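Asks: For any residue, its number in our numbering is found by taking its place in the sequence shown, counting from 1, and adding 1444.
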Amino acid sequence: MQHDLIIKNGNIIDGTGSDAYSGDIAIKDGFITEIGEVNGEAAEIIDAEGMTVSPGFVDIHTHLDAQIGWDPQMTPICWHGVTTALIGNCGLTFAPCKPEDTEILAGMMETVEDIPKQANALSPPSSSTLTVRKSFPQKVLALSNFSLSVLPFDL
Ligand SMILES: [Zn+2]
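Below you can see the structure in the form of structure tokens.
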């Protein structure tokens, strides 16, 4: 198949700062291969008539550190076009954390986000939960176990 996906008739805002324009976008192997008038076959064709097609948005202020553990789709931000999220801001990061500060950090998360302290700090880390970690690499390793819909960047 020539294209994996063609998005046809969209109002394209390409992120360069130029004005929006009507057109098609072809995607192959996860990459945009053509923009403009696209012809050929595709495994899937989406008619975007009357819709805006743009690059994903970056959410620079999130409190998703704990939510990633139970909601890897990171709803609702993925529904709003966010493809990249900064996490670990507002002092709510799960790592790095000295072992003696684990309970304080988990308590802060409980106060600010209403997430039970036991869920954040007292459970042993596992592949299905994201808990307070001693080091940043441990947190990144834990994140690699999740099938995420939004790419998180930790501050
Ligand atoms: Zn905040």
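Each residue gets a CB set at the ideal place from its N, CA and C atoms; glycine is no exception. For clarity, every value in this text was computed on a predicted model and none was experimentally measured.
Can you round the beta-carbon distance between Ile1451 and Asp1468 to whole angstroms, since I take them to be within the 8 Å contact cut?
Replies: 6 Å
Asks: According to DSSP, is Ser1571 helix, strand or coil?
Replies: Low per-residue confidence applies at Ser1571: pLDDT is 47, beneath 50, and the placement is therefore not dependable enough to give any value.
Asks: With 16 other CB atoms within 10 Å as the buried threshold, where does Gly1454 fall?
Replies: buried
Asks: As a quick exercise: from Thr1519, Glu1544 and Asp1509, pick the residue whose alpha carbon is nearest that of Glu1557.
Replies: Asp1509
Asks: State the start and end residues of the unbroken beta strand (DSSP E) segment that holds Val1526.
Replies: Val1526 to Ile1531
Asks: Measure the C-alpha to C-alpha separation of Ser1571 and Cys1534 and round it to an integer number of angstroms.
Replies: Residue placement at Ser1571 cannot be trusted, given a pLDDT of 47 that sits under 50; the coordinates are not used to answer.
Asks: Would you identify the three-state DSSP class for Ala1586, choosing helix, strand or coil?
Replies: helix
Asks: Quick check on DSSP: helix, strand or coil for Gly1467?
Replies: strand
Asks: Label Ser1462 either buried or exposed according to how many other C-beta atoms from any shown protein chain fall within 10 Å of its C-beta, with 16 as the threshold for buried.
Replies: exposed
Asks: Quick one: complete beta strand (DSSP E) runs, 3+ long, within the region 1445-1516?
Replies: Here the runs fully enclosed are 1447-1456, 1465-1472, 1475-1480, 1486-1491 and 1501-1503.
Asks: For Asp1536, which of helix, strand or coil comes out of DSSP?
Replies: Per the sequence shown, residue 1536 should be read as Leu rather than Asp. Leu1536 falls in the coil class under three-state DSSP.
Asks: Report buried or exposed for Lys1583, applying the criterion of at least 16 other Cβ atoms within 10 angstroms of its Cβ.
Replies: buried
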